[in-house]
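Peer 1: In the numbering used here, the protein residues as written are 724 to 1075.
Every residue gets a Cβ at the ideal spot worked out from N, C-alpha and C, and that includes glycine.
Before we start, here is the structure in question, set down as structure tokens.
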Amino acid sequence: MYKFAHITDCHLGAWRNPKLKEINLKAFQKAISICVEEKVDFIAITGDFFDVNVPELDHVKRAVDIMIQARRHGIEIYMIYGSHDFTASTVSIIDILHSAGLFIKPIEFEQIKDKIKLKFIQDKKTAFKITGLSGRKTGLDSEYYDLLDIEALESEEDLKIFLFHAPISELTPVDLAHGESIPLSLLPKGFIYYGGGHLHRRIEHKHDDGKSMIVYPGPLFGSTFTDLEDTAQGERRGFYIISYDNDNETIRADFIETKIVDIIFNTINVNQNTVKQIEDKISSMVEQMEDLTDKIVLIKVKGTMVSGKRSDINFSRFEETLSAKRALVSFINRNNLVSPETTQVKVFGTSI
């Protein structure tokens, strides 16, 4: 029995809020600690490890310390780029850490005429052959899939794993279907596992008549408030431990949750409300909230105001009240709160 972990979209360093930034790092620490406890043979990280290609060095150091924990236990790490931590014009921190031998990038290829031939790296413990394609900004990686030497990939013998960082058209939820995606038909056949990244949603798909699996673990914590809202509404966050029984040639994917903190999310509809009515609604909701200690509190205010503008509302006082109730972090999202002036501008712009 072989076991490996599949982690993706950590987006370390994503948050400006230091508390959220710390929680995100703790989720990664928890994932690696579980990998060590479970004695996985290796870890595959499928892109967007950092939120930007050159993150704050303090965060890099702490991430390195965590990865070293796995390496000290003999756990190899394989990593590909995501759309956030890749850059074609400069050296990224991923390049530097790879040069230091912290992990292996199974993304080497050679271009032969009009075809891209991916190279395999064979894991020493398991003999799995690993290869993959990194993500690119604005979906530029889709061009690479069109050029893949599929015949060479499919004819390679032994157990194979394909790592990628791109949405697959047939598997992408409607609410996440923005930007370019690749059709399922462009994935090479004959691999036992396809480890995906980029989609911030947990997806499992039996592939090739059930002989293999395509898995998107989703983020360990999340890098946007939309991620946190989804988590509050039931989307579990974590990673996968994949077990392969080489005797029976069966594969199993177990989801491992990395929950660090509880998240509370509420929506307030204030359509055709005045500034005072909106403030009263928010105040009433905030006052009724209980048991907020060390929890993340998110409130979304949406609707079109009957008069006034968003800046007329003192949102900070509500966040101060939530802080006084010992909420770890509070945020009132007013992006969907529209003033009459904004509505008029939109209508005028549409009529031209």
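Which word fits T947, buried or exposed, when buried means at least 16 other C-beta atoms lie within 10 angstroms of its C-beta?
Peer 2: By the neighbour-count rule (16 or more Cβ atoms within 10 Å), T947 is not buried but exposed.
Peer 1: On the DSSP bridge list, what partners appear for F962?
Peer 2: Answer is I979, bridged to F962.
Peer 1: For D732, does the three-state DSSP call read helix, strand or coil?
Peer 2: In this structure, D732 counts as coil in the three-state DSSP scheme.
Peer 1: Rounded to whole angstroms, how far is the Cβ of I974 from the Cβ of Y967, which I believe are closer than 8 Å?
Peer 2: About 5 Å; that satisfies the 8 Å criterion.
Peer 1: Do we get a CB-CB distance below 9 Å when we pair V998 with the residues of chain B?
Peer 2: Of the chains in the structure shown, none is chain B; there is only one protein chain.
Peer 1: By a C-beta neighbour count over all protein chains shown, 10 Å radius and 16 as the cutoff for buried, is T731 buried or exposed?
Peer 2: Classification for T731: buried.
Peer 1: For F826, collect the residues of the same chain with a Cβ closer than 6 Å to its Cβ; drop the 5 residues on either side in sequence, then sort them by chain order.
Peer 2: Within the same chain, F826 has close Cβ partners I800, M802.
Peer 1: Just the Cα atoms here: how many angstroms apart are V1009 and G945?
Peer 2: Going by the C-alpha atoms only, they are around 24 Å apart.
Peer 1: Do G902 and G858 have their beta-carbon atoms positioned less than 9 Å apart in this structure?
Peer 2: It is not a contact, given that the beta carbons lie outside the stated cut-off.
Peer 1: Would you identify the three-state DSSP class for Y804, choosing helix, strand or coil?
Peer 2: In this structure, Y804 counts as coil in the three-state DSSP scheme.
Peer 1: Starting from Q834 and walking both ways along the beta strand (DSSP E), at which residues does that stretch end?
Peer 2: Unbroken beta strand (DSSP E) run through Q834: 832 to 835.
Peer 1: From which residue to which residue does the alpha helix (DSSP H) around M724 run?
Peer 2: Element bounds for M724: n/a, residue is neither H nor E.
Peer 1: Would the stretch 902 to 915 and the stretch 923 to 937 be scored as touching if the rule is three or more Cβ pairs under 8 Å?
Peer 2: They touch, by the three-pair rule.
Peer 1: For the alpha helix (DSSP H) containing N747, name the first residue and the last one.
Peer 2: 741 to 760 is the extent of the alpha helix (DSSP H) around N747.
Peer 1: Just to confirm the assignment, what range does the alpha helix (DSSP H) spanning M936 have?
Peer 2: It is not in any alpha helix (DSSP H) - M936 instead sits in the beta strand (DSSP E) that spans 935 to 939.
Peer 1: For E1002 and V993, what's the separation of their Cα atoms in angstroms?
Peer 2: Cα to Cα, the separation comes out at about 10 Å.
Peer 1: Buried or exposed: which applies to N1059, given that a residue is buried once 16 or more other Cβ atoms fall within 10 Å of its Cβ?
Peer 2: The residue in question, N1059, is exposed, as its Cβ has fewer than 16 Cβ neighbours within 10 Å.
Peer 1: Report the three-state DSSP secondary structure of E927 (helix, strand or coil).
Peer 2: It is a strand residue.
Peer 1: What's the call for N971, buried or exposed, on a 16-neighbour Cβ count within 10 Å?
Peer 2: With fewer than 16 Cβ atoms within 10 Å of its Cβ, N971 is classed as exposed.
Peer 1: Mind checking who D968 pairs with in its DSSP beta bridge?
Peer 2: DSSP output for D968 lists T973 as bridge partner(s).
Peer 1: Compute the Euclidean distance between the alpha carbons of I835 and Q956, then round it to the nearest angstrom.
Peer 2: Going by the C-alpha atoms only, they are around 48 Å apart.
Peer 1: Going by DSSP in three states, S1046 sits in which element: helix, strand or coil?
Peer 2: DSSP places S1046 in helix when its eight states are reduced to three.
Peer 1: Is the beta carbon of D764 sitting closer than 9 Å to the one on Y725?
Peer 2: Yes, the pair counts as a contact, with Cβ atoms nearer than the cut-off.
Peer 1: Under 6 Å Cβ to Cβ from I1022, same chain only, skipping five residues before and after it: list those, please.
Peer 2: Around I1022: N989, I1055.
Peer 1: Just verifying my parser: in three-state terms, what is the DSSP assignment at F948?
Peer 2: F948: helix per DSSP, three-state reduction.
Peer 1: Under 9 Å between the Cβ atoms of K744 and G736?
Peer 2: Yes; because the gap between Cβ atoms is below 9 Å, this pair is in contact.
Peer 1: On the DSSP bridge assignment, give the partners of Y867 in chain order.
Peer 2: According to DSSP, which records beta bridges pairwise, Y867 is partnered with nothing at all.
Peer 1: Going by the CB atoms, is the gap between G918 and A767 shorter than 9 Å?
Peer 2: Yes, Cβ-Cβ distance for A767 and G918 is below 9 Å.
Peer 1: With a threshold of 7 Å on Cβ separation, who are the neighbours of I839 within its own chain once the five nearest residues in sequence on each side are excluded?
Peer 2: F832, Y867, L870, L871, D872, listed in sequence order.
Peer 1: Hey, K753 and I1019: beta-carbon distance below 9 Å or not?
Peer 2: Cβ atoms of K753 and I1019: not closer than 9 Å.
Peer 1: What did DSSP end up calling S1053 once you bin it into helix, strand or coil?
Peer 2: Three-state DSSP puts S1053 in a strand.
Peer 1: With respect to the beta strand (DSSP E) encompassing K999, which residues constitute its N-terminal and C-terminal limits?
Peer 2: No beta strand (DSSP E) holds K999; the alpha helix (DSSP H) holding it covers 998 to 1011.
Peer 1: In angstroms, rounded to a whole number, what distance separates the CA positions of T854 and K883?
Peer 2: Taking the straight line joining both Cα atoms gives about 8 Å.
Peer 1: Classify H734: buried if its beta carbon has 16 or more other beta carbons within 10 angstroms, exposed otherwise.
Peer 2: H734 comes out buried.
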